[in-house]
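Peer 1: Got a structure for you, questions after.
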Amino acid sequence: MATAGERTCFCDILLPPPRTSLGEHDTDIANWSVWSSAWAKKVGLRGGEIALAREVQENETEDFYFAYEDVMDPLGDGTAIEAFMVIRFDNGSETGVLYDIDGIFPDETRRHEVKVRAIKKRLPV
Numbered sequence: 001m002a003t004a005g006e007r008t009c010f011c012d013i014l015l016p017p018p019r020t021s022l023g024e025h026d027t028d029i030a031n032w033s034v035w036s037s038a039w040a041k042k043v044g045l046r047g048g049e050i051a052l053a054r055e056v057q058e059n060e061t062e063d064f065y066f067a068y069e070d071v072m073d074p075l076g077d078g079t080a081i082e083a084f085m086v087i088r089f090d091n092g093s094e095t096g097v098l099y100d101i102d103g104i105f106p107d108e109t110r111r112h113e114v115k116v117r118a119i120k121k122r123l124p125v
């Protein structure tokens, strides 16, 4: 449950389709399959800088907090959330906002919460 300064959002965790012969992903998100869906708790936004194609970009970085059982083997097939997956959610002002997963930090001791750091995805124009 979210406390003061936190908010929740319902997220789809997407699996990008295989790359084409040119090494690119299909940019039509409607063709991407949903691996799982779960509620996440978010603390806030912070500005981050990463290097993409030798160009420093301003990106929005968010930390998502999922319940352990929602992302670590939610389907019972032994598969857990991976860094190649993409998070999609509606943030109120925009629908279908996409975030690339940058890091996954499960609490393996208590198995209560999984922190996922994600960076807003920039789609080709």
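For the sequence shown, full-length UniProt numbering gives the first residue as 1, with consecutive numbering after it. Backbone N, C-alpha and C fix where the C-beta goes; we use that ideal spot for every residue, glycine too. Being a predicted model, the structure only gives us computed values, none of them experimental.
1. By the three-class DSSP mapping on this structure, what secondary structure does Glu69 have?
2. Could you check the C-alpha separation between Ile119 and Val97 for me, to the nearest Å?
3. Given a cut-off of 8 Å, decide if Glu108 and Ala67 are closer than it, judged by their beta-carbon atoms.
4. Under the rule that 16 or more other beta-carbon atoms within 10 Å means buried, what is Pro74, buried or exposed?
5. Secondary structure at Ile81, three-state DSSP: helix, strand or coil?
6. What is the rounded straight-line gap between the Cα of Ser37 and the Cα of Glu69?
7. Any idea what DSSP makes of Ala53, helix, strand or coil?
8. With burial defined as no fewer than 16 other Cβ atoms inside 10 Å of the residue's Cβ, what is the status of Arg111: buried or exposed?
9. For the beta strand (DSSP E) containing Leu22, list its first residue and its last residue.
Peer 2: Reading it off the structure:
1. In the three-state scheme derived from DSSP, where H, G and I count as helix and E and B as strand, Glu69 is classed as helix.
2. 11 Å
3. no
4. buried
5. coil
6. So the two alpha carbons sit approximately 12 Å from each other.
7. Its pLDDT being 39, under 50, Ala53 is placed unreliably in this model, and the value from its coordinates should be taken loosely. Ala53 falls in the coil class under three-state DSSP.
8. When all chains shown are included, Arg111 counts as exposed.
9. Note, Leu22: premise wrong, no beta strand (DSSP E); not H, not E.
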